[in-house]
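Below: the structure, in structure tokens.
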Amino acid sequence: MPELPEVETTCRGIAQHITQQTITQVIVRQPRLRWPVAETLPEILIGQTVLSVQRRAKYLLMTTQNGTLLVHLGMSGSLRVVTDNQLASKHDHIDIVFADSVLRFNDPRRFGAVLWTSEPIEEHTLLRNLGPEPLLDNFDGTYLYTLSRNRKVPVKLFIMDSHNVVGVGNIYANEALFMAGIDPKRHAGRIALARYERLAECIRTVLTDAITQGGTTLRDFVNSDGKPGYFQQQLRVYGRSGLPCRNCEASLSQVRLANRSTVFCRFCQR
DNA sequence: AAATTCTCCTGAAGGC
DNA sequence: TGCCTTCAGGAGAATT
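What follows is the structure in structure tokens.
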């Protein structure tokens, strides 16, 4: 499933192909996504030129002279650039057509979103209340510590809440907490500053490593055959319930927090 | 304000 | 082979 590293890699991968390209056609085969795709999307987009492709949280922002196309990949979405007229296949819901290429949005579970906005992007409802980017300088242990005082929510849910910090999905929340030695169930307000310093660093590390891997794994966004090819990182705990902890060999535990699978080592994480 | 639950959707995996 | 159930989950919306 696309987490921040996949979105970042997608952003870099498609940017080089569609920046400065003018949209000649828009095909919407399935408008029922997370929110309905505007019926007017083709007439809005045709003739516009993509000036930049950026990422905020897990949103991809394609800016033109008139506004921004927001794309969220949800659980199962992917974007790829097609240059050889290949036929659309199952779940290829939207094509953004340029002179020599097509940006194709595929999303089996349709939790993704494609939305047009002409208002200033930072004021958009979906972006205005987001917390800091975990890879920028305004995110650190002091920030997490201060924000979490008196909060009773489990720390795993705290770091997965996009109001607090964006882009930490279930997989990397599990991984970062293992790496930091923190019990995912621990109340956010009951963790000391030094441990939050460690956690912030671990969040940065797991995300950065994944982006580095993705840069090589998802090396080609043009005519990638079939699957989007999300990277299989070396995961320490996620998906390893009942398997030995890579640190102490004990069997890894699994619980559910807010209906999310949570895997941890009950000895290494406190 | 904060915490919790609900909701959308399809594909994979397991049981019989 | 096939049909059923269960699970997976991003994150906004709704509820407590």
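The first sequence finishes on residue 569 if you use the working numbering, and the numbering steps up by one all the way, no holes.
We put the CB at the ideal spot given by N, CA and C, even for glycine.
Only a predicted model underlies this, so the values are computations on that prediction, with no experimental measurement involved.
According to DSSP, residues forming a beta bridge with residue i
| i | result |
| --- | --- |
| Ile-326 | Asp-394 |
| His-258 | No answer is possible for residue 258: it lies beyond the span of the chain, which begins at 300 and ends at 569. |
| Leu-402 | Val-380, Ile-395 |
| Thr-348 | Thr-321 |
| Phe-563 | Ser-552 |
| Pro-453 | His-486 |
| Gln-353 | Leu-360 |
Pair within 8 Å by beta-carbon distance, residue i and residue j
| i | j | result |
| --- | --- | --- |
| Glu-395 | Val-401 | Note that residue 395 is Ile in the sequence shown, not Glu. Yes, they are a contact pair. |
| Arg-503 | Ala-479 | no |
| Leu-359 | Val-306 | yes |
| Leu-492 | Pro-483 | no |
| Leu-456 | Ala-557 | yes |
| Leu-498 | Gly-440 | yes |
| Leu-303 | Gly-466 | yes |
| Ile-343 | Trp-415 | yes |
Euclidean distance between Cα positions of residue i and residue j
| i | j | result |
| --- | --- | --- |
| Leu-378 | His-371 | 10 Å |
| Pro-335 | Arg-409 | 10 Å |
| Gly-373 | Asp-406 | 8 Å |
| Gly-488 | Leu-434 | 23 Å |
| Asp-524 | Val-380 | Confidence in Asp-524 is poor, its pLDDT being 37 and thus under 50, which makes the residue's placement too unreliable to answer from. |
| Gly-468 | Gly-312 | 21 Å |
| Lys-451 | Asn-365 | 44 Å |
| Asp-436 | Val-536 | 27 Å |
| Val-349 | Leu-542 | 47 Å |
| Asn-449 | Leu-332 | 38 Å |
| Thr-445 | Ala-472 | 19 Å |
| Ser-375 | Ser-447 | 31 Å |
| Pro-453 | Gln-320 | 45 Å |
Selected residue, minimal CA-CA separation from residue i, among the options
| i | options | result |
| --- | --- | --- |
| Cys-564 | Gly-488, Gln-553, Glu-305 | Gln-553 |
| Ala-398 | Ser-417, Ala-493, Leu-443, Gly-346 | Gly-346 |
| Leu-369 | Met-300, Val-413, Arg-333, Phe-404 | Val-413 |
| Ser-461 | Glu-338, His-316, Ser-540, Arg-427 | Arg-427 |
| Asn-546 | Ile-458, Ala-472, Cys-567 | Cys-567 |
| Leu-429 | Asp-383, Arg-354, Tyr-471 | Arg-354 |
| Leu-506 | Val-327, Gln-315, Pro-330, Ala-356 | Ala-356 |
| Ile-470 | Ala-387, Ala-549, Arg-539 | Arg-539 |
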